[in-house]
Each structure stands twice: as C-alpha cells, then as structure tokens.
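One structure is given below, encoded as structure tokens.
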Amino acid sequence: ENFNVFVWNSLISFYSKCGNMEDSLLAFNKIQEQERNIVSWNSMVWGYAHNGRGEEAIAMFEKMIQETNLKPNSVTLLGVLFACNHAG
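Position 60 (the sequence shown) corresponds to 60 in full-length UniProt numbering; numbering is contiguous.
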C-alpha cells in the first residue's frame with residue numbers, strides 16, 4: 001500500500017462520499033504525516049461535516065492547526081462553518 005498522497009486523498013474523498021468515515025480515517029492515517037497536504041485535511045474536515053459529524057470535523061481542523069504548519073484555506077474554513085452549522 002505504497003500509494004502516493006494523491007491516491008490516498010482520492011480514497012479519503014471516495015469513502016467519505018459513501019458515508020464511511022472510518023475507512024476515510026484509515027486512509028488518512030496511512031499517509032505519512034509529512035506527506036499530508038491541505039487536500040488531505042480538507043477532505044477529512046468536509047467528510048465529517050457532510051456526514052453529520054460536526055464535532056469530529058472541528059476536532060480534525062484543530063488537529064491540523066496544532067500539529068502542522070499548513071495554513072487553512074477557504075475550503076477549510078467553509079468546511080468548519082458547515083460543520084458548525086450542522087453540529088447544533
């Protein structure tokens with residue numbers, strides 16, 4: 001399973017669109033930390049948000065901020081807003 005980050009990101013997106021966030025997280029965790037890019041993180045944030053798991057989306061956003069040097073972009077922030085709107 002030595003895929004590149006683009007393949008893993010595609011799998012994350014695929015699983016989340018199927019409502020399977022457990023496998024999305026497994027795919028995300030297969031990406032080496034230094035290889036994860038903003039698309040990896042955004043896919044997880046949006047996946048959780050779209051599947052009604054707003055708290056987990058926000059937790060993933062916070063983890064990105066705390067553990068990486070990546071800067072959130074407009075897609076990230078819209079995902080967080082979507083998560084907040086659907087978290088209650």
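We put the beta carbon where it would ideally sit given N, CA and C, even for glycine. If you're wondering where the values come from, they're calculated on a predicted model, not measured in any experiment.
- In this model, residue 27 and residue 86 are separated by some 24 Å (Cα to Cα).
- Residue 66 and residue 38 have their alpha carbons spaced roughly 14 Å apart.
- For residue 65, the secondary structure class from DSSP, reduced to helix, strand or coil, is helix.
- Distance from the CA atom of residue 55 to the CA atom of residue 2, rounded to whole angstroms, is 31 Å.
- For the alpha helix (DSSP H) assignment, the uninterrupted runs of no fewer than 4 residues enclosed by the UniProt repeat "PPR" (4 to 34) are, from N- to C-terminal side, 5 to 17, 21 to 30.
- Approximately 13 Å separates the beta-carbon atoms of residue 45 and residue 68; this is outside 8 Å, ruling out the contact.
- When DSSP states are grouped into helix, strand and coil, residue 85 belongs to the helix group.
- In this structure, the CA atom of residue 59 is about 13 Å from the CA atom of residue 81.
- The three-state secondary structure of residue 2, taken from DSSP, is coil.
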